[in-house]
Amino acid sequence: MRRRTVVALAVILTVLSAFVFRLADIQVVHADDHVADSVGKLSSTTTIPGARGDIVDANGTVLAQGAFVYDYILDPKLIDDFETEPALKKKAKMPWADASEKIAEIVGMTADEIRGIVASALEKNPDSQYAKLKNGLSTDQYLALRDLGLAYLHGQVRPVRVYPNGAVAGNLIGFLNGAGKAEYGIERMQQQCLAATNGTNSFKRGQGGVRIPGSERTVPAVDGGTVQLTIDSDLNWYLQQMIAEEAQRLGAKAGSVTVVEVKTGKIRAAAEYPSVDPNDINAVDQDYCRSHIFSDAHEPGSTFKAVTAATIIDQGKAPWSSHVSAKSREKLPNGQVINDAFPHPQYEYTLAGALIDSSNVSLSKFGTMVDPTTRADYLKRFGVGHKTAIGYPAEQAGSLPMDRKGNVLDPAKWDARTLYTTTFGQAFTVTPAQLAGAYQALGNGGKKTALSLVESCTDADGTVHKAPTPASEQIVKPDTAKEVLRMLENVAVQGGNARAIEIPGYRIGIKTGTAEKSDGHGGYKKGIYFTSMIGIAPIDDPQYVVEVTLDEPTKIRSSAANAVAFQQAMTQVLKTYRVAPSSQPMDELLPKFN
């Protein structure tokens with residue numbers, strides 16, 4: 000008996016050991032393999048969407064934000080079953096007639112419309128389990144529908160992008176495409192900060208699809224970060240309204256206003272017309288669904304005469320008081336004929352006078368006091384030929400003089416005409432952003448600080464990542480910048496736009512530009528211009544650069560078209576930032592002629 004008992008126990012222990020071994024093999028050793036086999040059969044996983052981060056202005060005003068909407072469907076077959084099968088009818092929360100009334104009230108439809116959706120689906124397919132109710136419902140609507148507790152009503156959350164201030168800085172902000180992908184602007188440039196990481200919710204099902212208790216696993220979503228910009232949305236709104244009115248009044252295709260803080264290089268406004276509302280990008284011509292301040296490069300025209308003057312002075316070739324003899328039309332030593340914008344007899348122009356009257360002939364003579372290679376180097380210093388440090392999507396770099404194949408020319412090989420035209424803003428191109436950056440350097444004592452547009456990125460957990468400190472470089476001597484500013488003030492006071500741009504109590508300096516537009520074949524469009532006016536104020540303590548552009552104005556075709564807009568823009572900037580009026584009187588006027 001004892002032997003049989005021992006044998007029996009041994010057999011039982013052997014069998015139990017086999018079961019334990021197999022159980023350990025299934026649940027421990029090869030558990031992952033078995034779980035993987037069950038995916039799609041015994042598991043269910045749903046996505047928990049994260050919210051894309053906000054874009055806010057310098058004061059925290061929200062310009063773009065992530066939101067959630069809900070898309071709802073009905074189950075026509077289940078509705079019909081609840082209405083026709085006695086067993087289910089008893090379990091129904093309410094009759095379909097009553098339910099459709101309540102649903103209609105919540106979603107903003109009529110009960111007949113909702114009943115019609117279900118009837119139509121069943122007519123096409125008696126076993127239909129899908130009928131679209133309505134997309135894009137709000138959270139309040141979702142909660143109201145959920146509280147009805149109807150088994151045949153199903154909602155799916157969907158992230159969307161909302162722009163609370165509409166078109167304010169819309170060209171700059173950019174937009175997402177239909178698939179939710181960042182296509183342009185800040186949305187694309189700051190994708191790494193703004194992007195959310197979706198979470199998941201998963202659980203295991205047992206036989207019959209019953210959820211297995213304790214099997215639920217949740218990986219929470221991580222919302223995107225908040226991008227803070229340098230711009231002031233209130234100022235941007237005002238400037239957008241103003242430039243839209245002026246562009247339309249003057250029959251211009253487009254216009255822009257760029258505002259840069261002199262000491263920091265921060266862009267405080269980037270207003271454009273036509274403007275785009277990212278909530279509805281199809282409402283405007285697709286050519287304007289971008290920022291022309293960064294994406295369009297034009298010859299700067301006379302606005303870059305200030306850079307020519309800075310080059311001459313910085314190289315010690317001539318002070319403001321040096322002079323040259325110039326007629327309104329002259330054939331220069333290499334055979335090129337250069338014209339001024341207005342007829343005049345032979346004048347003995349000072350360098351200051353050449354800027355005040357914007358004399359191309361005089362600037363050609365002054366400019367060629369410096370060799371082409373050195374002049375090209377100064378153009379580069381002032382930003383020509385390379386993009387700003389902002390990294391804005393689709394930004395243009397502008398270009399130095401090029402050959403017909405699009406290759407940048409060695410300055411030593413500039414042709415006879417380029418030798419002169421580069422002194423007065425032709426044969427090379429810049430964007431409005433680059434031009435504003437050049438004048439920032441002049442206003443900042445010759446120190447060029449890289450333009451910036453982003454202050455910081457704040458993670459969802461509150462961690463703040465400040466933007467790197469912009470690089471600064473002394474590109475001309477402080478005394479050079481000071482002398483150029485004095486000449487620019489004389490342009491404002493003695494030039495043809497003096498009365499139109501005057502701001503009582505403030506000393507300002509300006510330069511205008513009436514740039515011919517390329518015809519794309521090596522020539523220019525006849526009578527078609529890109530006009531600009533750029534200025535610095537207060538000139539005795541430079542705080543802001545304001546640049547106004549108009550693309551192809553027709554009522555006034557010269558840069559005088561920009562005067563009203565410039566005066567209004569600069570006035571508003573000084574008021575917005577509470578800049579104190581000038582405390583020092585202007586120095587004596589500089590003579591135009593010797």
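Under numbering that gives the first Met the number 0, the sequence shown has 171 at position 172, and the numbering climbs by one with no breaks.
Think of the CB as a built atom: it goes at the ideal place given N, C-alpha and C, for glycine as much as any other residue.
Quick caveat, the model's predicted, so the values are computed rather than measured.
Note to self: Is there a C-beta anywhere in chain B that falls below 8 Å from the one on A103?
What the structure shows: Checking the listed chains, one finds no chain B in this structure; it contains a single protein chain.
Checklist line | Simplified DSSP state of A253, which is helix, strand or coil | finding: Your numbering for residue 253 matches position 254 in the sequence shown. The answer is strand: DSSP assigns A253 an E or B state.
Margin query: Can you tell me which residues form a DSSP beta bridge with Y647?
Written below: Nothing can be reported for residue 647: it is not among the residues displayed for the chain, which extend from 0 to 593.
Notebook entry, point to check: Between which two residues does the beta strand (DSSP E) carrying S99 extend?
Noted result: The residue given as residue 99 occupies position 100 in the sequence shown. Segment 95-106 is the alpha helix (DSSP H) holding S99; no beta strand (DSSP E) there.
Check: How many angstroms separate the CA atom of S99 from the CA atom of G198?
Finding: Residue 99 sits at position 100 when you count from the first residue of the sequence shown. Residue 198 sits at position 199 when you count from the first residue of the sequence shown. Going from the Cα of S99 to the Cα of G198 covers about 34 Å.
Notebook entry, point to check: Do you know how far the Cα of T257 is from the Cα of D194?
Noted result: On the sequence shown, residue 194 is found 195 positions in, with the first residue counted as 1. On the sequence shown, residue 257 is found 258 positions in, with the first residue counted as 1. In the sequence on display, residue 194 carries Ala and not Asp. Roughly 28 Å separates the two Cα atoms.
Margin query: Taking the alpha-carbon of I654 as reference, which of Q64, S581, R380, T575 has the nearest alpha-carbon?
Written below: In this structure the chain extends from 0 to 593, so residue 654 is not present and cannot be described.
Check: Could you check where the beta strand (DSSP E) with V61 kicks off and where it finishes?
Finding: As a position in the sequence shown, residue 61 is number 62, starting the count at 1. Start and end: 61-73.
Next item on the list: With DSSP as the reference, label A110 as helix, strand or coil.
Entry: Along the sequence shown, one-based indexing puts residue 110 at 111. In the structure shown, A110 sits in a helix (DSSP, three-state: H, G or I).
Check: What does a CB cutoff of less than 7 Å around E347 pick up in its chain, not counting 5 residues either side in sequence?
Finding: As a position in the sequence shown, residue 347 is number 348, starting the count at 1. Contacts found: H322, S324, F592, N593.
Margin query: Helix, strand or coil, according to DSSP, for H291 in the structure here?
Written below: For the purposes of this step, residue 291 is identified with residue 292 of the sequence shown, where counting begins at 1. In this structure, H291 counts as helix in the three-state DSSP scheme.
Next item on the list: Please classify Y151: does DSSP put it in a helix, a strand, or coil?
Entry: Your numbering for residue 151 matches position 152 in the sequence shown. Three-state DSSP puts Y151 in coil, outside helix and strand.
Margin query: Can you tell me which residues form a DSSP beta bridge with Y272?
Written below: As a first step, residue 272 is located in the sequence shown; it is residue number 273 there, counting from the start. Per DSSP, G254.
Note to self: Could you pull the DSSP bridge partners for G198 from this structure?
What the structure shows: Stepping through the sequence shown from its first residue, residue 198 is reached at position 199. DSSP lists I47 as partners of G198.
Notebook entry, point to check: What is the DSSP secondary structure of P431, reduced to helix, strand or coil?
Noted result: Counted from its first residue, the sequence shown places residue 431 at position 432. It is helical.
Notebook entry, point to check: Who are the Cβ neighbours of T428 in its own chain at under 7 Å, not counting the five residues just before and after it?
Noted result: Position 429 of the sequence shown, counted from the first residue, corresponds to residue 428. Correct list, in chain order: A296, H297, E298, G397, S398.
Next item on the list: Indicate whether the contact test is met: 3 or more Cβ pairs, each with one atom in the stretch 110-130 and one in the stretch 42-51, closer than 8 Å.
Entry: no
Notebook entry, point to check: How would you call F565, buried or exposed, if buried means at least 16 neighbouring beta carbons within 10 angstroms?
Noted result: As a first step, residue 565 is located in the sequence shown; it is residue number 566 there, counting from the start. Result: buried.
Next item on the list: Would you tell me roughly how many angstroms separate the C-alpha atoms of D222 and V161, rounded to the nearest one?
Entry: Counting from 1 along the sequence shown, the entry for residue 222 is found at position 223. Counting from 1 along the sequence shown, the entry for residue 161 is found at position 162. One C-alpha to the other measures close to 15 Å.
Item checked: Assigned secondary structure, T307 (DSSP; H/G/I helix, E/B strand, else coil) -> Here residue 307 refers to the residue found at position 308 when the sequence shown is read from its first residue. Three-state DSSP puts T307 in a helix.
Next item on the list: Please classify Y346: does DSSP put it in a helix, a strand, or coil?
Entry: By one-based count along the sequence shown, residue 346 stands at place 347. Y346 falls in the strand class under three-state DSSP.
Margin query: Across the stretch 455-473 and the stretch 323-338, are there enough close Cβ pairs to call them in contact, namely three or more that are closer than 8 Å?
Written below: no
Next item on the list: Figure out for me which residue from L589, S581, Q583, A568 has the closest Cα to the Cα of L234.
Entry: Within the sequence shown, residue 234 is the residue found at index 235, counting from 1. Among L589, S581, Q583, A568, the Cα nearest to that of L234 is on A568.
Next item on the list: Can you have a look at Y419 and say buried or exposed, based on whether 16 or more other CB atoms are within 10 angstroms of its CB?
Entry: Numbered from its first residue, the sequence shown carries residue 419 at position 420. Its Cβ being crowded by 16 or more others within 10 Å, Y419 is buried.
Next item on the list: Using 10 angstroms around the beta-carbon of F293, count the other beta-carbons present and answer buried if the total reaches 16, otherwise exposed.
Entry: Here residue 293 is taken as the residue at index 294 of the sequence shown, counted from 1. Its Cβ being crowded by 16 or more others within 10 Å, F293 is buried.
Next item on the list: Ignoring anything shorter than 3 residues or poking outside the stretch 333-387, list the beta strand (DSSP E) runs there in chain order.
Entry: 336-338, 346-349
Notebook entry, point to check: Does DSSP put P584 in a helix, in a strand, or in coil?
Noted result: As a working note, residue 584 is residue 585 in the sequence shown. Note: P584 maps to coil in three-state DSSP.
Notebook entry, point to check: Taking DSSP as the reference, what is the three-state secondary structure of M0?
Noted result: Here residue 0 refers to the residue found at position 1 when the sequence shown is read from its first residue. Coil at M0, not helix or strand.
Next item on the list: Kindly list the residues whose CB is nearer than 8 Å to the CB of S451, restricted to its own chain and excluding five residues on each side of it in sequence; keep chain order.
Entry: The count along the sequence shown starts at 1 and reaches residue 451 at position 452. So the list reads T229, T263, G264, K265, I266, A388, I389, A466, P469, once near-sequence residues are dropped.
Item checked: Residue span of the alpha helix (DSSP H) that contains Q191, given as start and end -> Here residue 191 corresponds to residue number 192 of the sequence shown, with the count starting at 1. Its alpha helix (DSSP H) spans residues 190-193.
Notebook entry, point to check: Along the chain, where does the beta strand (DSSP E) that runs through A178 open and close?
Noted result: Looking up residue 178 in the sequence shown gives position 179. That residue, A178, is in no beta strand (DSSP E); it is neither H nor E in DSSP.
Notebook entry, point to check: So which of Q189, A103, H153, N58 has the shortest CA-CA distance to P392?
Noted result: What you label residue 392 is simply residue 393 of the sequence shown in a count that begins at 1. Taking only the C-alpha atoms, the option nearest P392 is Q189.
Next item on the list: Say whether the stretch 429-439 touches the stretch 401-413, bearing in mind that this needs 3 or more beta-carbon pairs closer than 8 Å, one atom from each stretch.
Entry: no
Margin query: Distance check for F81 and K88, CA to CA, integer angstroms please.
Written below: In the sequence shown, the residue the question calls residue 88 occupies position 89. In the sequence shown, the residue the question calls residue 81 occupies position 82. Computed Cα separation, rounded: 5 Å.
Notebook entry, point to check: Apart from the five residues just before and just after S471, which ones in its own chain have a Cβ nearer than 6 Å to its Cβ?
Noted result: On the sequence shown, position 472 is the one that residue 471 refers to. Around S471: K446, T448.
Next item on the list: Tell me whether the beta-carbon of L62 lies closer than 8 Å to the beta-carbon of I242.
Entry: Residue 62 sits at position 63 when you count from the first residue of the sequence shown. Residue 242 sits at position 243 when you count from the first residue of the sequence shown. No, the Cβ-Cβ distance between L62 and I242 is not below 8 Å.
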